[in-house]
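Taking full-length UniProt numbering, I'd label the letters of the sequence shown as residues 1 to 234. Everything below concerns the one structure shown next.
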Amino acid sequence: MKYKRILLKLSGEALMGEQSYGIDINRVMQYANDIKEIHSQGLEIAIVIGGGNIHRGLSAEQAGMDRVQADYMGMLATVINSMALQDALEKVGLKTRLLTAIKMEQICEPFIRRRAVRHLEKGRIVIFGAGTGNPYFTTDTAASLRAIEINADAVLKGTRVDGIYTADPEKDPSAQRYDKITFHEVYEKGLNVMDMTAFTLCQENNLPIIVFDMNKPGNLKKLANGDHIGTVVS
Ligand code: UDP
């Protein structure tokens with residue numbers, strides 16, 4: 001195994017599958033099976049999920065809502081997604097804990113770093129919900145922050161695209177994929193990997209980011225085994 005402990009970041013939109021809103025349970029089950037595969041090889045796994053399939057603070061602000069109120073709603077959306085993934089992970093037989101940055105004692109534990117690390121050491125899958133707990137941040141920033149806090153070896157950013165390209169591959173057919181790229185080159189070329197706060201946190205703490213296609217079953221296992229897929233930023 002290439003890594004001992006990883007932080008997997010999934011976007012909320014990824015959970016929609018072919019739908020235009022909400023959660024596609026089949027997609028969540030596919031993710032759970034992929035996660036089980038790498039867990040059985042001894043990898044310690046923490047997960048951060050976005051909330052964009054349900055609610056996004058910025059879009060709600062553009063539609064007239066107060067930004068802070070809208071962001072808290074977005075954080076709650078990530079908890080709904082986290083609970084869906086927790087359910088799927090337990091369905092495939094894994095032990096899990098959901099730790100949130102906003103206290104919700106009836107459904108999850110509060111985020112406490114030492115507790116998170118202990119759960120990982122015991123082989124539990126740890127899901128971090130409610131982002132960073134602060135408005136004006138994103139779940140990418142939550143992923144980078146938690147990854148640093150738990151000493152993860154890398155942030156694996158599972159998306160629907162198989163890496164970082166010279167241009168948007170969905171718009172420009174001549175776009176080329178990078179196998180690897182440095183943090184500096186990403187800045188220089190103005191590529192969009194994560195928002196700047198999240199990206200800078202990784203750079204300053206030498207935490208590699210791997211962008212890969214999470215929708216292809218088995219990709220997560222290949223990555224964990226050290227196969228070269230996606231794009232590595234280091
Ligand atoms: N959010 C926030 N603080 C955080 C993380 C998330 O305010 O630390 C809110 C923000 O409104 C964001 C929403 O939660 O739009 C959903 O998160 P995100 O957009 O990162 O989800 P993704 O794009 O990964 O689905």
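From the three backbone atoms N, C-alpha and C, an ideal C-beta is built for every residue, glycine too.
Problem - Terminal residues of the alpha helix (DSSP H) in which residue 212 lies - result: Along the sequence shown, read from residue 1 onward, the residue named residue 212 stands at position 212. For residue 212, there is no enclosing alpha helix (DSSP H); the enclosing beta strand (DSSP E) has its first and last residue at 209 to 213.
Problem - Supposed contact pair residue 120 and residue 46 - C-beta distance, whole angstroms, cut 8 Å - result: Within the sequence shown, numbered from 1, the residue matching residue 46 stands at position 46. Within the sequence shown, numbered from 1, the residue matching residue 120 stands at position 120. Going by Cβ atoms, the distance from residue 46 to residue 120 rounds to 6 Å, so yes, they are a contact pair.
Practice task
Classify residue 27 as buried or exposed, calling it buried when 16 or more other Cβ atoms lie within 10 Å of its own Cβ.
Solution key: Your numbering for residue 27 matches position 27 in the sequence shown. With 16 or more Cβ atoms within 10 Å of its Cβ, residue 27 is classed as buried.
Handout entry: residue 111 CB to nearest heavy atom of ligand 1 below 7 Å
Key = Indexing the sequence shown from 1 puts residue 111 at position 111. No; taking the cut-off as 7 Å, the Cβ of residue 111 has no heavy atom of ligand 1 nearer than that.
Handout entry: Cut-off 8 Å between Cβ atoms - residues of its own chain near residue 34, not counting five sequence neighbours on either side
Key = If you number the sequence shown from 1, residue 34 lands on position 34. Excluding five sequence positions before and after residue 34, the CB atoms of its chain that fall closer than 8 Å to its own CB belong to 214, 217, 218, 219, 220 and 221, given in chain order.
Problem - Assigned exposure category for residue 82 - 16 Cβ within 10 Å defines buried - result: Walking along the sequence shown from the start, residue 82 turns up at place 82. Residue 82 is buried by the Cβ-count criterion.
Practice task
Decide if residue 233 is buried, meaning its Cβ has at least 16 other Cβ atoms within 10 Å, or exposed.
Solution key: Position 233 of the sequence shown holds residue 233. Its Cβ being crowded by 16 or more others within 10 Å, residue 233 is buried.
Exercise for the section: Quick one: residues in its chain with C-beta nearer than 7 Å to the C-beta of residue 61, no 5 flanking neighbours on either side, listed in chain order? Expected result: What you label residue 61 is simply residue 61 of the sequence shown in a count that begins at 1. These residues qualify, in order along the chain: 67 and 70.
Handout entry: Inter-stretch contact at 8 Å, needing at least 3 Cβ pairs: the stretch 159 to 170 / the stretch 121 to 133
Key = The stretch 159 to 170 and the stretch 121 to 133 do not touch, with fewer than 3 CB-CB distances between them shorter than 8 Å.
Problem - Per-residue DSSP class, three states only, for residue 137 - result: Residue numbering aside, residue 137 sits at position 137 when the sequence shown is read from its first letter. Here DSSP, grouped into helix, strand and coil, assigns residue 137 to coil.
Practice task
Would you list the residues sitting across from residue 155 in a DSSP beta bridge?
Solution key: Looking up residue 155 in the sequence shown gives position 155. Residue pairing of residue 155 in beta bridges, as defined by DSSP: 7 and 209.
Exercise for the section: Could you tell me which of 165, 107 and 41 sits nearest to residue 174, measuring between CA atoms? Expected result: Working through the sequence shown from its first residue, we reach residue 174 at position 174. Minimum Cα distance to residue 174 is reached at 165.
Problem - Endpoints, the alpha helix (DSSP H) within which residue 118 is located - result: Indexing the sequence shown from 1 puts residue 118 at position 118. Note, residue 118: alpha helix (DSSP H), 113 to 121.
Exercise for the section: Measure how close the beta-carbons of residue 148 and residue 85 come, nearest whole angstrom, since I'm counting them as under 8 Å. Expected result: The sequence position of residue 148 within the sequence shown is 148, counting from 1. The sequence position of residue 85 within the sequence shown is 85, counting from 1. 22 Å between Cβ atoms; not a contact.
Practice task
Return yes when at least one heavy atom of ligand 1 lies under 7 Å from the C-beta of residue 286, else no.
Solution key: Residue 286 cannot be examined here, being either before or after the span of the chain that is shown, 1 to 234.
Exercise for the section: Return yes when the Cβ of residue 79 is within less than 8 Å of the Cβ of residue 100, no when it is not. Expected result: Within the sequence shown, numbered from 1, the residue matching residue 100 stands at position 100. Within the sequence shown, numbered from 1, the residue matching residue 79 stands at position 79. In this structure, residue 79 lies closer than 8 Å to residue 100 by Cβ.
Exercise for the section: Quick one: measure Cβ to Cβ for residue 31 and residue 88, integer angstroms, because I've assumed they're closer than 8 Å. Expected result: Here residue 31 is taken as the residue at index 31 of the sequence shown, counted from 1. Here residue 88 is taken as the residue at index 88 of the sequence shown, counted from 1. The Cβ separation is near 7 Å, so the contact holds.
Handout entry: Cα-Cα separation, residue 54 to residue 16
Key = As a first step, residue 54 must be located in the sequence shown, where it is residue number 54. As a first step, residue 16 must be located in the sequence shown, where it is residue number 16. Our two residues, residue 54 and residue 16, have alpha carbons roughly 9 Å apart in a direct line.
Exercise for the section: Express the C-alpha separation of residue 200 and residue 211 in angstroms, rounding to a whole number. Expected result: As a working mapping, residue 211 is identified with position 211 in the sequence shown. As a working mapping, residue 200 is identified with position 200 in the sequence shown. Rounded to the nearest whole angstrom, the C-alpha separation of residue 211 and residue 200 is 16 Å.
Problem - Identity of the residues DSSP links to residue 44 by a beta bridge - result: Start at 1 with the first residue of the sequence shown, and residue 44 comes out as number 44. Answer is 5.
Handout entry: Residue-chain proximity (residue 122, chain C), Cβ-Cβ < 8 Å
Key = Looking at the structure shown, chain C is missing, and only one protein chain is on hand.
Problem - Length of the line joining the Cα atoms of residue 169 and residue 191 - result: What you label residue 169 is simply residue 169 of the sequence shown in a count that begins at 1. What you label residue 191 is simply residue 191 of the sequence shown in a count that begins at 1. Residue 169 and residue 191 have their C-alpha atoms roughly 12 Å apart.
Exercise for the section: Could you pull out every residue in the same chain whose Cβ sits closer than 6 Å to the Cβ of residue 180, ignoring the five residues on either side in sequence? Expected result: Against the sequence shown, residue 180 aligns to sequence position 180. For residue 180, the CB contacts under 6 Å within the same chain, skipping 5 residues up- and downstream, are 232 in chain order.
Problem - Through-space distance from residue 64 to residue 4, alpha-carbon basis - result: To locate residue 4, count along the sequence shown from 1; it is residue 4. To locate residue 64, count along the sequence shown from 1; it is residue 64. Their backbone Cα atoms lie some 45 Å apart in a straight line.
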